[in-house]
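A short worksheet on the structure shown next.
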Amino acid sequence: MADGGHPSAVLAALLLTRDPDLVKRIGEATALEVRATGIQYAFAPCIAVCRDPRWGRCYESYSEDPRIVQSMTELIPGLQGDVPKNFTSGMPFVAGKNKVVACAKHFVGDGGTVNGINEDNTVINREGLMNIHMPAYFDALAKGVSTVMISYSSWNGVKMHANQDLVTGYLKDTLKFQGFVISDWMGIDKLTTPYGADYPYSVKASILAGLDMIMVPKNYTQFISILTGYVNSGVVPMSRIDDAVTRILRVKFAMGLFENPYADPAMAEQLGKQEHRDLAREAVRKSLVLLKNGKTSDGPMLPLSKKAPKILVAGSHADNLGYQCGGWTIEWQGDSGRITVGTTILDAVRAAVDPSTTVVFAENPDAEFVKKGGFSYAIVAVGEHPYTETAGDNLNLTIPEPGLSTVEAVCGAVQCATVLISGRPVVAQPLLAASDALVAAWLPGSEGQGVTDALFGDYGFTGRLARTWFKSVEQLPMNVGDAHYDPLFPLGFGLTTEGASQGDGVAIHSSM
Numbered sequence: 001m002a003d004g005g006h007p008s009a010v011l012a013a014l015l016l017t018r019d020p021d022l023v024k025r026i027g028e029a030t031a032l033e034v035r036a037t038g039i040q041y042a043f044a045p046c047i048a049v050c051r052d053p054r055w056g057r058c059y060e061s062y063s064e065d066p067r068i069v070q071s072m073t074e075l076i077p078g079l080q081g082d083v084p085k086n087f088t089s090g091m092p093f094v095a096g097k098n099k100v101v102a103c104a105k106h107f108v109g110d111g112g113t114v115n116g117i118n119e120d121n122t123v124i125n126r127e128g129l130m131n132i133h134m135p136a137y138f139d140a141l142a143k144g145v146s147t148v149m150i151s152y153s154s155w156n157g158v159k160m161h162a163n164q165d166l167v168t169g170y171l172k173d174t175l176k177f178q179g180f181v182i183s184d185w186m187g188i189d190k191l192t193t194p195y196g197a198d199y200p201y202s203v204k205a206s207i208l209a210g211l212d213m214i215m216v217p218k219n220y221t222q223f224i225s226i227l228t229g230y231v232n233s234g235v236v237p238m239s240r241i242d243d244a245v246t247r248i249l250r251v252k253f254a255m256g257l258f259e260n261p262y263a264d265p266a267m268a269e270q271l272g273k274q275e276h277r278d279l280a281r282e283a284v285r286k287s288l289v290l291l292k293n294g295k296t297s298d299g300p301m302l303p304l305s306k307k308a309p310k311i312l313v314a315g316s317h318a319d320n321l322g323y324q325c326g327g328w329t330i331e332w333q334g335d336s337g338r339i340t341v342g343t344t345i346l347d348a349v350r351a352a353v354d355p356s357t358t359v360v361f362a363e364n365p366d367a368e369f370v371k372k373g374g375f376s377y378a379i380v381a382v383g384e385h386p387y388t389e390t391a392g393d394n395l396n397l398t399i400p401e402p403g404l405s406t407v408e409a410v411c412g413a414v415q416c417a418t419v420l421i422s423g424r425p426v427v428a429q430p431l432l433a434a435s436d437a438l439v440a441a442w443l444p445g446s447e448g449q450g451v452t453d454a455l456f457g458d459y460g461f462t463g464r465l466a467r468t469w470f471k472s473v474e475q476l477p478m479n480v481g482d483a484h485y486d487p488l489f490p491l492g493f494g495l496t497t498e499g500a501s502q503g504d505g506v507a508i509h510s511s512m
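In the UniProt record's numbering, the protein residues as written are 1 to 512.
Here it is in C-alpha cells:
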C-alpha cells in the first residue's frame, strides 16, 4: 500500500467478504490509485487456495474452497476492465490508461504446502492439483488476466520455477495463455540450496521451463551474461527468447504503454479519495464475522449502545493502525503505530458514540482498574502482530501476549465485546470463554469505522467464514469435505444482526 492510499490496505478484509461485486469495485478503485503513482502493473490477485492457516500467506488467499476463490477473480476485471464479447480466453486485456495490468499468482499450488510451510512442497496428485489449486486460473484467463506469477513452492518435489510441464505444457500450450509468465522475487535463485548456489542452472532451468520475465533484484548483469551465453551456444533456443519477447510486447501493446508511457499528474487526486475510503470501509464491515453474541440482561451483547455513560476501550490493537493493516503495508513485514493515514478502532469508537459518552482508553488494564472504573461495557481489540511470507508461518496459532491476558482481565470485570485482529483463524476457545461477544475482524486496514459500523448497529453483521475455524492445531490441515472435519466453526458460519434501518439487533446462526 502506498502512503495515503487505501483500497489495498483492506485487501485481507476484502478477501473475506465473499462479495464478487465488491471485489470488482475495489479493483477499480485500486487501479486508479495505482495509476496515480505512475505504476501500470499490480501483482494481484493472489488466487492461492490456502489449505492450512499455519501458512504465513494465508491472509492473501480468498478461501480454502476453490469455488469461492474462482468467484473472487472479479478483482481482475476491476483492475483491467471487462473483456469484450467473444473474447478469446488466455489473451491479455487492459481496457485503457485508467486500468492496470493484473497478475494471477502464484502458479500453482502455493496454498497447499505441507504444514503450511511457506515456499515448501505441495504433495498432491495431478487430479487434486487440478480440482483444488487450478480452477481459479481458468477463470482468470477467461477474464483476460495479462500476466501469471510463478510460485516459490514445489509440486511433488519439482520446483515450480523449473516446472516445464506445468508452465509451458499446461499453462501456455493447453490453456493457451498468451500473456507473459513472470518469476517471483529472487524466484530463480531459490531453485538451489543455498540460494544462488548454481546460478547458471537457475537461469537455464527457469527460462527453459517457460518463464518470460525474471525478477532479478541483485546482479542483473550476471543474469544477462549467463542467458546470452546459453543462447549463443544453443542451450536456450532463440525461439524461446522470441516467445518471451512476443508475450511481453503483447501485454505492453494491450495496455497502451507505447501510446501512454508516462504518469498522468492529474491522477494524483485519486490517492486517498473519500469515495475509495468509503469503499474500503464497506469492505471492512462486510468482512466482519460475528462468532459469539452472548445474552445480557438487556438482550444480545451486540449491537452496543452509543449512549452508555462511560465505556472502556482496551487492547494492543485498539489504537494501532499498523496492526490493523498487517503485512505488506508501507514496509514488507508491516509495522506498528500510525504508519499511514487512517482510522484506528479507538478513533472510530470515539467518532461513533454520543457526545455525552465518556470513552476511556487503557491498553492493558488490570481487573481492579476495570472494576473501579464504572464502565457500562468494554471493547477489547487484540490479535496477531503484522507478518508476511515465511515470517508468518506459525505452528501454534495463538495470539501473542498480553492479548488473552487483557481480554480475561477486562471481560472478567465488565461486559465486553472482543474484536480479534488476525489474518487467519487462530486459537479462539479462550477468547470465546472470556468474552460476551467475539468478532473476527481479520485485517481491517485503514478504516476502523467499518468495525464500529457493525459494533454499534448502524449496519448488521452479515459476514460468513470463508475458512474453516479449527478447534486445535492438531486437527490441521482440515478443510470442508475432509473425513475428519470437526471444526469449532464451519466454513460459512456467521451470526448476524440487523442494522439500524432494519430494526433491533437479533442474532441468528447461518452455516454453509
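The beta carbon of each residue, even a glycine, is placed where N, CA and C say it ideally should be.
| said: Comparing C-alpha positions only, which one of I68, V426, G299, F43 sits nearest to L291? | reply: V426
| Nearest-angstrom Cα distance between T147 and N131? | 22 Å
| Once you ignore the five residues that flank K24 on each side, which residues in its own chain have a CB closer than 8 Å to its CB? | E74, L75, P77, G78
| field | Alpha-carbon spacing of N163 relative to K273, whole angstroms | value | 43 Å
| message | Pop quiz: F180 and G144 are said to be a contact at Cβ under 8 Å. What is the actual Cβ separation, rounded to whole angstroms? | response | 13 Å between Cβ atoms; not a contact.
| Minimum C-alpha distance to G463 - residue among L476, A483, L491, H133 | L491
| task | Compute the beta-carbon to beta-carbon distance between K105 and F43, rounded to the nearest angstrom, for a pair I have assumed lies under 8 Å. | result | 7 Å
| task | Would you tell me roughly how many angstroms separate the C-alpha atoms of R51 and V123, rounded to the nearest one? | result | 12 Å
| request: Can you check DSSP and say which residues form a bridge with V382? | output: L420
| request: For T193, count neighbouring C-beta atoms within 10 Å of its own C-beta (all shown protein chains included) and say buried if the count is 16 or more, exposed if not. | output: exposed
| said: If you reduce the DSSP assignment to three classes, tell me which class G494 lands in. | reply: strand
| Given a threshold of 16 other Cβ atoms within 10 Å of its Cβ, counted over all protein chains shown, does A197 qualify as buried or as exposed? | exposed
| task | Express the C-alpha separation of T388 and W332 in angstroms, rounding to a whole number. | result | 7 Å
| Within 8 Å, strictly: CB atoms of V284 and G450 | yes
| task | Could you give the DSSP three-state label for C325: helix, strand or coil? | result | helix
| task | Identify, in the order they occur along the chain, each residue of the same chain with its Cβ nearer than 6 Å to the Cβ of R350, setting aside the five sequence neighbours on each side. | result | V359
| task | Report yes if the CB atom of G109 is closer than 8 Å to the CB atom of W155, and no otherwise. | result | yes
| For I188, the three-state DSSP class (helix, strand or coil) | coil
| Do you know how far the Cα of D212 is from the Cα of Y220? | 15 Å
| query | Taking the Cβ atom as the reference point for each residue, do I47 and Y137 lie within a distance shorter than 8 Å? | reply | yes
| message | Please tell me whether I345 and V419 are closer than 8 Å, where the distance is taken between their beta carbons. | response | yes
| Among E28, Q415, D243, Q475, which residue has its Cα nearest to the Cα of P487? | Q475
| What's the gap between the Cα of N98 and the Cα of G392? | 34 Å
| said: For T168 and L257, I'd like the C-alpha separation in whole angstroms. | reply: 26 Å
| query | Does the Cβ-Cβ distance between L166 and N293 come in under 8 Å? | reply | no
| query | When we look at the beta-carbon of I339 and count the other beta-carbons within 10 Å, is it buried (16 or more) or exposed? | reply | buried
| message | Does the distance between the C-beta of G448 and the nearest non-hydrogen atom of the ligand ATP fall short of 7 Å? | response | The ligand ATP is absent from the structure shown, which contains no ligands of any kind.
| task | Find the nearest neighbour of S151 within the set L175, D120, T174, A140, judged by alpha-carbon distance. | result | D120
| field | Through-space distance from A378 to V414, alpha-carbon basis | value | 7 Å
| task | Please list the segments of the alpha helix (DSSP H) lying wholly inside the region 192–254, counting only runs of 4 or more residues, in order along the chain. | result | 199–209, 220–233, 238–254
| query | Among F361, L288, G448, which one has its Cα closest to the Cα of A437? | reply | L288
| said: With H, G and I counted as helix, E and B as strand and the rest as coil, what does DSSP make of A441? | reply: strand
| query | What separation, rounded to the nearest whole angstrom, lies between the Cα atoms of residue 533 and L32? | reply | Outside the displayed span of the chain (1 to 512) sits residue 533, for which this structure offers no information.
| query | What is the C-beta distance between Q324 and I421, in whole angstroms, given that I count them as a contact (C-beta under 8 Å)? | reply | 6 Å
| query | Can you tell me whether DSSP reads L16 as helix, strand or coil? | reply | coil
| said: Rounding to the nearest angstrom, what Cα-Cα distance links S446 and D242 in this structure? | reply: 44 Å
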